[in-house]
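Enquirer:
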Amino acid sequence: MARSASPQLTEAENRIMSVLWDRGEVSVRDVTDALAVEHGLAYTTVLTTIRIMADKGYVGFRKDGRAHIYHPLLSRQG
0 MARSASPQLT
10 EAENRIMSVL
20 WDRGEVSVRD
30 VTDALAVEHG
40 LAYTTVLTTI
50 RIMADKGYVG
60 FRKDGRAHIY
70 HPLLSRQG
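Take 0 as the starting number for the sequence shown in numbering that gives the first Met the number 0 and just add one per residue.
1. When the Cα atoms are used, what is the spatial distance from Leu76 to Ser17?
2. Candidates Thr43, Tyr57, Val25 and Asp29: which alpha carbon is nearest Asn13's?
3. Could you tell me if Lys36 is buried or exposed, where buried requires 16 or more neighbouring beta carbons within 10 angstroms of its beta carbon?
4. Can you tell me the Cα-Cα spacing of Thr44 and Ser74, whole angstroms?
5. Going straight from the alpha carbon of Leu34 to that of Lys62, what length do you get?
6. In terms of DSSP beta bridges, what is Lys62 paired with?
Written as structure tokens, this is what we have:
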């Protein structure tokens, strides 16, 4: 069952959405690499957060082989 949409993004969700908005479509590894230097988020943390965001309807995805490629469903303006 999908979770209720929060009225505001969490700090972690906002960081991930910034990467998605800047790049369009990305893998979890792409997001992890983009956030590693400044925020040091682990791959599993990013994966879990993106899955929750997909449940909330914030991001969509398509399969590319074994990988999931994520894209934003929310506009940057909110």
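Don't be surprised by glycine CBs; every beta carbon is placed ideally from N, CA and C.
Computed from a prediction, not measured in an experiment: that's the story for all the values here.
Expert: Based on what the coordinates show:
1. Sequence index remark: in the sequence shown, residue 76 carries index 77 (1-based). Sequence index remark: in the sequence shown, residue 17 carries index 18 (1-based). It is worth fixing the name first, because residue 76 is Gln in this sequence and not Leu. Computed Cα separation, rounded: 11 angstroms.
2. Here residue 13 is taken as the residue at index 14 of the sequence shown, counted from 1. When only C-alpha atoms are compared, the closest one is Tyr57.
3. Numbered from 1 along the sequence shown, position 37 holds the residue referred to as residue 36. Lys is not the amino acid found at residue 36; the sequence shown has Val there. With fewer than 16 other Cβ atoms within 10 Å, it is exposed.
4. Here residue 44 refers to the residue found at position 45 of the sequence shown. Here residue 74 refers to the residue found at position 75 of the sequence shown. Using only the alpha carbons, I get a separation of about 23 angstroms.
5. Walking along the sequence shown from the start, residue 34 turns up at place 35. Walking along the sequence shown from the start, residue 62 turns up at place 63. Each residue's alpha carbon lies about 22 angstroms from the other.
6. Position 63 of the sequence shown holds residue 62. Bridge partners of Lys62: His67.
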